[in-house]
């Protein structure tokens, strides 16, 4: 390929990637923009700590459930059209979330945002595989990591600025122009040729069963503190989730077009990547959510400052992704870097679980940087190795499968961390009941109002509280949040173990569409193989060699000696 052609090919790839990057940024922004503003949003809407958790959890839940659906549809229908549909859902949901007047209304539209966001995340990676080969993807991985990092840090920061200036409603409205811009860019730049299956079958039963299994599990996790670990609610919800999961597996084994094909789990790369992705979901979503709460509740910072405090995590994530991505593309080796990333995740998560209300900020920044670096080394590379090891005809379900379990990990992690935080916070306040009572009495009527909020499970930002009670809340909340971070430690260890056993397979140098074309050519070659032989086309045209070939094969008894057309004509002439 000439230099001019190479430049043109690179330009076309970057144009297509620009739309995918913008779509992914929309999805990341919808999940993170409310991170630093959530305490103010929930407090303004009169919500509780449980509702605080559910505003985040519901988005992650619907993202998790919709991800495999989008992935399966990507293997069946036009992926570009699906991406545009996901953008429309996202934009409409953003408008509804911004107009919310109650916590329940906000939770509903956040659920719709999760559906659209699930499509944007899943389809972005599937379409990226259509444009780039696994080997060259590392060169562009820094772009996707940069978008995720900007979303991870820029989202809470932007949310804080908007909340402090024009109001928290603009946390959601800001996604509307971005979604429209992504729609326009993708319409003009994304060009793919996708083979259509002869018949499209949708696994509706699987969709319902998956929704029931995940939904009941998350409802139980979010409310287990009030239900009790040993209660009829626990028995009922966990029982429904387990039964729905078993039936779902049975249905997926028997259905023609399964939502999540069970044979994928026979692929060791896919299964181990799924296990490793669970911890990544917790580190991405859980820590970012509760780090913002730590900065505002335990340290007394405002939304904008809380967003700025998470920059070290994004810097680690983006820096490691850019550097490691270049090394992977240059050398073709990925395993060592993913193992190192898993080790850094364990270190970062463990250190964050030691945070106190007076931990030096530079030290907290180092903890966040380590976790971000580990996440950057592992997140995109796990999807990369799964796509590299998967059948190109199932690239959608394979990619979305990893994203699904990562989302489930993040959703479950946020919910479990919220339950641990609430339980620890309640216990700590009970232990210091005498100090809290004295502070409330000192504040008079204002103290009674604050006491009602605390009794309802709310954690108000301490910068708005009088100093006597603010000091107590900062101390007990810091301990409670550090206990919540402990949830991620065993999951990070599990992730590293799974990564160590990943097969070290070489990266393919062809994108999905090229692999499909090669596969079709090979199948066509196999079908025509019985007619092929050791003679060239020129040999076949030579009468003597052709007859010699026929006699040679006939002498083996394998075939009958055919009458040569030319010979037949000679006999007729006689």
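Numbering (this note's numbering), first residue to last: 6 to 579.
Glycine included, every Cβ here is placed at the ideal spot set by N, Cα and C.
For residue i, the nearest candidate out of the options (CA to CA)
i           : options            : result
residue 117 : 90, 400, 303, 320  : 90
residue 133 : 351, 88, 113       : 88
residue 363 : 499, 283, 504, 305 : 305
residue 290 : 422, 267, 221      : 422
residue 241 : 226, 255, 253      : 226
residue 327 : 34, 287, 385, 295  : 385
residue 420 : 222, 195, 10       : 222
residue 337 : 22, 35, 510        : 510
residue 482 : 323, 349, 370, 299 : 299
residue 224 : 176, 439, 244, 28  : 244
residue 381 : 330, 111, 359      : 330
residue 359 : 487, 322, 351      : 487
residue 407 : 131, 97, 110, 251  : 131
residue 21  : 247, 497, 190, 279 : 190
residue 425 : 439, 489, 434      : 489
residue 96  : 493, 34, 160       : 34
residue 443 : 475, 415, 124, 368 : 475
residue 192 : 477, 83, 119       : 83
residue 434 : 178, 478, 108      : 478
residue 279 : 110, 492, 409      : 409
residue 112 : 50, 126, 369       : 50
residue 484 : 432, 498, 219, 438 : 432
residue 507 : 439, 493, 388      : 388
residue 297 : 496, 414, 159, 323 : 159
Residue range of the unbroken alpha helix (DSSP H) whose run includes residue i
i           : result
residue 357 : 340-357
residue 481 : 472-490
residue 177 : 175-178
residue 389 : 366-394
residue 135 : 108-136
residue 262 : Segment: none, residue 262 is in no alpha helix (DSSP H) and carries neither H nor E.
residue 582 : Nothing in the structure corresponds to residue 582, since the chain is present only between 6 and 579.
residue 298 : 292-298
residue 502 : 493-505
residue 275 : 273-286
Environment of residue i [buried if 16+ CB atoms lie within 10 Å]
i           : result
residue 59  : buried
residue 99  : buried
residue 188 : buried
residue 115 : buried
residue 13  : exposed
residue 342 : buried
residue 427 : buried
residue 397 : buried
residue 366 : exposed
residue 25  : buried
residue 315 : buried
residue 176 : buried
residue 266 : buried
residue 171 : exposed
residue 446 : exposed
residue 120 : buried
residue 233 : exposed
8 Å CB neighbourhood of residue i in its chain, flanking five on each side removed
i           : result
residue 307 : 165, 169, 301, 466, 468
residue 371 : 317, 356
residue 348 : 379, 501
residue 252 : 214
residue 344 : 501, 504, 505
residue 383 : 281, 285, 343, 346, 347, 350, 500, 504
Own chain partners of residue i with C-beta closer than 7 Å, once the 5 adjacent residues on each side are dropped
i           : result
residue 78  : 87
residue 412 : 65, 68, 69, 72, 286
residue 270 : 276
residue 403 : 269, 275, 391, 392, 395
residue 263 : 208, 211, 257
residue 141 : 334
residue 374 : 317, 318, 320, 321
C-beta neighbour in chain D for residue i, strict 8 Å
i           : result
residue 116 : Within the model displayed, chain D is absent; a lone protein chain is all it includes.
Cβ neighbours of residue i in the same chain (closer than 6 Å, five flanking residues each side left out)
i           : result
residue 18  : 136
residue 152 : 26, 29, 30
residue 401 : 76, 79, 80, 131
residue 194 : 20, 21, 24
Any alpha helix (DSSP H) of 4 or more consecutive residues that is wholly inside the stretch 17-92: Those alpha helix (DSSP H) runs which fall completely within the stretch 17-92 and span 4+ residues are 43-49, 54-81.
Within the stretch 417-452, ranges of the alpha helix (DSSP H) (whole runs, at least 4 residues): 438-448
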